[in-house]
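Novice: Chains as they are written, first to last, in the UniProt record's numbering: chain A, 1 to 258; chain X, 1 to 286.
The C-beta atom is built at its ideal place from N, Cα and C for all residues, glycine as well.
One structure, as structure tokens, below. Some questions next.
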């Protein structure tokens, strides 16, 4: 019971990242740590969180699209996996569908509650009622966080035993297969990201990064630093002809800002 | 219609007009802090509008003493708005500068405030989404997960720091940049090509990191061997001899191609699970 409450609290705070600068505290790599603390197995929580993070790497909100809820998927996936004594692949197996299910609740809230809040705010604006608008804004946001927290707490309270039983019934080869899938799933996220960023001009840099790591085993931090240098070099190379023909001084100024 | 380009001009104008209150450093700081809630009351109809109005409230209250003016301003900022939340302060700053001009000058075209907002949010989201969601988050994830997968508590901590230190610094700086430079800034960036360069550089960096992470974190091994006894060679060694990470790269390629065919992500996910389980059953993967 207390565990369920604490997990609900973790989810509540994580979902509130939208009041905290969209600072990524909702991501599984972070919630995994806190779920691990609640469940009394910090190390496993961190590892499972990272596994889920890789699976969810393509899940983030660009523009108006609402992605599966990583908070519910992350916290419950890790919590159930730890409570049933299973491995990271179980966290994945549970986390992915749970996140998609939670999206239904999130959308219901967005479709039913927020329009009411928004139109009330419109009426307050009519009266120049500043406090009313502030209340509506906070109500809309905290309502969502509370709902997500409640979903996580109740699901854990109700589902913990049932989930353990189902997991025990899974045959061995399927378990191995799921472990294999755990290694593959990040590819989906990476592919989605590449689709977002790529054009003919920059496509080779993906392979450059891949080959450097595949052959030289450079850690990701190294790749990030190398990438930054390559980016600066390429921008400079591209700029040269432009500088020769027209205005140069302005550009130099702006470059140093970034 | 005047667009205030420098703060000097602002100050001169104040001298001429009856006492419109100054927008102080404190007001801009408040704008900065309130901007953290930009996606809190997000909704399908007008997205970040309510949060935008919420962020503008202290400044609007200061500028408009008449109820009618304040009401008009609040309604103005309840119009549709959406951009990358981490750098929204830049647009908030521009809006604050324009609201001030509007309060001072009766001939100011108040509809231009939203026109400028609307024209800024697109380009800013374009560069912001690819930088924050693509590049910076990826770097943070790469560094964070590589530690976390070993159970190291520094993983989540570094993940948050790598993302949020630049994020909050930019959020803070851009409040002032937006306010000082008013409307001319992004246009200037676009005209002299800096915008294109930034997007280009961010794409290079982002792709190299994804490429590196793909090699590091997509795992697919074949436990089969060819031949028997001492001459047995592991298939995996042969594959590694051709190119380390050949299978992960192939898997990436297939998924990338499927996404291009508009196959849904969930379908691909289920497909991957099925193939993995079948492969493990047959002993090809493991």
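Please state whether the Cβ-Cβ distance between residue 95(X) and residue 38(X) is less than 8 angstroms.
Specialist: no
Novice: With DSSP as the reference, please indicate the residues paired to residue 134(A) in a beta bridge.
Specialist: Residue 134(A) is not bridged to any residue.
Novice: Determine the closest residue to residue 106(A) out of 42(X), 83(X) and 248(X), with distance taken between C-alpha atoms.
Specialist: 42(X)
Novice: Between which two residues does the alpha helix (DSSP H) harbouring residue 30(X) extend?
Specialist: 25–34
Novice: Just the Cα atoms here: how many angstroms apart are residue 8(A) and residue 241(X)?
Specialist: 49 angstroms
Novice: Check each candidate in 177(A), 14(A), 2(A) and 51(A) and name the one with the smallest Cα separation from residue 147(A).
Specialist: Out of 177(A), 14(A), 2(A) and 51(A), 14(A) has the C-alpha closest to the C-alpha of residue 147(A).
Novice: Nearest-angstrom Cα distance between residue 109(X) and residue 202(X)?
Specialist: 37 angstroms
Novice: Can you tell which of 96(A), 38(A), 27(A) and 17(A) has its C-alpha closest to the C-alpha of residue 2(A)?
Specialist: 38(A)
Novice: At a Cβ threshold of 8 angstroms, is residue 285(X) touching chain A?
Specialist: yes
Novice: Would you say residue 47(A) touches the ligand ATP, meaning its beta carbon is less than 7 angstroms from a heavy atom?
Specialist: Of the ligands one can find in the structure shown there are none, so the ligand ATP has no counterpart to examine.
Novice: If you count every other CB in all the chains shown that lies within 10 Å of the CB of residue 73(X), and 16 or more means buried, which is it?
Specialist: Buried is the call here.
Novice: Scan the stretch 91–113 of chain X for residues whose Cβ lies nearer than 7 angstroms to a Cβ of chain A and list them as they occur along the chain.
Specialist: none
Novice: Please report the distance separating the alpha-carbon of residue 238(X) from that of residue 159(X).
Specialist: 36 angstroms
Novice: Could you have a look at residue 43(X) and say whether DSSP puts it in helix, strand or coil?
Specialist: If DSSP states are grouped into helix, strand and coil, residue 43(X) belongs with the strands.
Novice: Examine chain X for any beta-carbon lying closer than 8 angstroms to the beta-carbon of residue 165(A), and answer yes or no.
Specialist: no
Novice: What would DSSP say about residue 66(A), mapped onto helix, strand or coil?
Specialist: coil
Novice: Would you say residue 40(A) lies against chain X (beta-carbon separation less than 8 angstroms)?
Specialist: No, residue 40(A) lies away from the interface with chain X (no Cβ there is under 8 angstroms from its Cβ).
Novice: Hey, is residue 272(X)'s beta-carbon within less than 8 angstroms of any beta-carbon in chain A?
Specialist: yes
Novice: Is the Cβ of residue 43(A) closer than 8 angstroms to any Cβ of chain X?
Specialist: yes
Novice: Residue 212(X) and residue 198(A) - do their beta-carbons sit closer together than 8 angstroms?
Specialist: For residue 198(A) and residue 212(X), no; Cβs fall outside 8 angstroms.
Novice: Comparing C-alpha positions only, which one of 244(X), 24(X) and 135(X) sits nearest to residue 190(A)?
Specialist: 135(X)
Novice: Let me see if you follow: with CB-CB separation under 8 angstroms, is residue 46(A) close to chain X or not?
Specialist: yes
Novice: Any idea if residue 99(X) is buried or exposed, counting beta-carbon neighbours within 10 angstroms, 16 or more meaning buried?
Specialist: Classification of residue 99(X): buried, given that the 10 Å Cβ count is 16 or more.
Novice: Give the interface partners of residue 156(A) over in chain X, defined as CB-CB distance under 7 angstroms, in chain order.
Specialist: Chain X residues near residue 156(A): none, gap ~21 angstroms exceeds 7 angstroms.
Novice: If you run the structure through DSSP and keep just helix, strand and coil, what is residue 80(X)?
Specialist: coil
Novice: Rank 92(X), 143(X), 82(X) and 93(X) by C-alpha distance to the C-alpha of residue 125(X) and give the top, closest one.
Specialist: 82(X)
Novice: Of the residues 224(X), 246(X), 226(X) and 92(X), which one's Cα is nearest the Cα of residue 29(X)?
Specialist: 92(X)
Novice: Can you find a CB in chain X that lies within less than 8 angstroms of the CB of residue 15(A)?
Specialist: no
Novice: Counting only C-beta atoms, is residue 21(X) closer than 8 angstroms to chain A at any point?
Specialist: no
Novice: May I ask you to report which of helix, strand or coil DSSP gives residue 164(A)?
Specialist: DSSP places residue 164(A) in helix when its eight states are reduced to three.
Novice: To the nearest whole angstrom, what separates the beta carbons of residue 96(A) and residue 220(X), a pair I think is in contact under 8 angstroms?
Specialist: Between residue 220(X) and residue 96(A) the Cβ distance is about 19 angstroms, and since that is not below 8 angstroms, they are no contact.
Novice: Closer than 8 angstroms, CB to CB, is residue 145(X) near chain A or not?
Specialist: Closer than 8 angstroms: yes.
Novice: Indicate whether at least one CB of chain X lies closer than 8 angstroms to the CB of residue 19(A).
Specialist: yes
Novice: Cβ closer than 8 angstroms: which chain X residues qualify as neighbours of residue 195(A)?
Specialist: 256, 259 and 260
Novice: Using the beta-carbon of each residue, which ones in chain A are nearer than 7 angstroms to residue 45(X)?
Specialist: 115 and 118
Novice: Short of 7 angstroms Cβ to Cβ, which residues in the stretch 215–231 of chain X face chain B?
Specialist: As a matter of chain content, chain B is missing from the structure shown, whose protein chains are A and X.
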